[in-house]
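Okay, structure first, notes after.
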Amino acid sequence: MAATDLFARRATLARAVRLLSQFRYEQTAPARFYGALADDTVAMVTELWRGLGGDDPADKTVLDVGGGPGFFATAFADAGLRYIGVEPDPAEVHAMHAAGSATSPGSFVRASGMALPFADASVDICLSSNVAEHVPRPWQLGNEMLRVTRPGGLAVLSYTVWLGPFGGHEMGLTHYLGGQRAAARYTRRHGHPPKNNYGSSLFAVSAAEGLDWARHTGALVAAFPRYHPRWAWSLTKVPGIREFGVSNLVLVLQPR
């Protein structure tokens, strides 16, 4: 069985539409948005784990890099996994608590994903969901994820591709004008800079860069667009087009 076979069965058009419909609630109703995303992420990680090893990931340790406390912690705990969240931004932690996630299960560490305070090969599963585009050295983050994941474990690095339609985050499609121009335009319109400000908390990360890094690690087992139906996964293999069409790239890695 290929690593993605089980998850591919869930990658339907109906799922894509359902997830896309939740994106509009990210700013106004984060519990609704992140709750749906967390449930889908747990299902994806579980099915990738089973595709690689065939067993159930219950009681395994999952390290969520950049997830913060809250919605992901609850979803993974409900699935029977031991959850550890890493979050560098205290404002994000406070925001999650204000959203009603202060009582979430799991353990939480304030630290940078580019210097994880964990021993080599110390976790079964390492996940980073929509974080790599927010750090200046995304592949250092990826290397740290592989370092702390045990041989035969699972590392899942998922990130938003800059030239995709969601690359600008709350700046919308204006990022096609250039990141700095888009940030300036947003600031003029709203009276404050965007939360994801180009050059400081948002960076232009390409699909090609991620694939090149992953191949050079020797741990890559699969790559696919996170939110697309299975029949659209071939976009990942087409240079140029994948930068605009993939939107969010999932890199599935297994340390040896």
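Be aware that the sequence shown starts at 1, since it is given in the UniProt record's numbering, and climbs by one per residue.
We put the CB at the ideal spot given by N, CA and C, even for glycine.
query                                                                                                         : result
Contact with chain B by Arg82, beta-carbon distance below 8 angstroms                                         : Absent here is chain B; the protein component of the structure consists of one chain.
Test item: CB-CB of Gln193 and Ala182 under 8 angstroms                                                       : One detail in the question is off: residue 193 reads as Pro in this sequence, not Gln. No, Cβ-Cβ distance for Pro193 and Ala182 is not below 8 angstroms.
Meets three-Cβ-pair contact criterion under 8 angstroms: the segment 170-181 and the segment 236-243          : no
Cα-Cα separation between Gly199 and Asp40, rounded to whole angstroms                                         : 30 angstroms
Whether Asn141 touches Val131 by CB criterion (8 angstroms)                                                   : Strictly speaking, residue 141 in this sequence is Leu, with Asn absent from that position. Yes, these two residues count as a Cβ contact at 8 angstroms.
Contiguous beta strand (DSSP E) assignments of at least 3 residues, all confined to the segment 147-196       : 149-160
Any non-hydrogen atom of the ligand MN closer than 7 angstroms to Phe72 Cβ                                    : With respect to the ligand MN, the structure shown offers nothing to examine, as it has no ligands at all.
Anticipated Cβ contact below 8 angstroms, Gly210 with Tyr159, distance rounded                                : 7 angstroms
Phe224 beta carbon less than 8 angstroms from that of Thr4                                                    : yes
Within 8 angstroms, strictly: CB atoms of Phe71 and Gly35                                                     : yes
Close Cβ partners of Phe246 (< 8 angstroms) along its chain, the five nearest in sequence each way excluded   : Sequence inspection shows Val at residue 246; the Phe mentioned does not correspond to that position. Taken in chain order, the residues that qualify are Val161, Gly164, Ala207, Pro225, His228, Leu235, Thr236.
Backbone CA spacing between Asp57 and Leu81 [nearest angstrom]                                                : First, the amino acid is wrong: residue 57 is Pro here, not Asp. C-alpha separation (whole angstroms): 7 angstroms.
Those residues which DSSP pairs with residue 260 across a bridge                                              : Because residue 260 is not part of the residues shown, which for the chain are 1 to 256, the question remains open.
Closest residue to Glu144 among Pro117, Ala204, Glu133 (Cα-Cα distance)                                       : Pro117
Presumed contact (8 angstroms Cβ cut-off) between Val148 and Val123, rounded CB distance                      : 6 angstroms
Cβ shell of Ala222 (< 6 angstroms), same chain only, five flanking positions each side left out               : Ala3, Thr4, Val252
Separation of Met171 from Ala75, as counted between CA atoms                                                  : 29 angstroms
Simplified DSSP state of Arg82, which is helix, strand or coil                                                : strand
Beta-ladder partner(s) of Thr61, from DSSP                                                                    : Arg82
Leu202 versus Arg150 - alpha carbon distance                                                                  : 30 angstroms
Bridge partners - Phe108, DSSP secondary structure assignment                                                 : Gly85
Residue 257 (DSSP reduced to helix, strand or coil)                                                           : Absent from the model: residue 257. The displayed extent of the chain is 1 to 256, so no value can be given.
Whole-number beta carbon distance between Ile84 and Gly106, since they are thought to touch under 8 angstroms : 7 angstroms
Arg9 versus Gly167: straight-line alpha-carbon distance, rounded                                              : 27 angstroms
Spatial distance of Gln254 from Gly53 (CA atoms)                                                              : 11 angstroms
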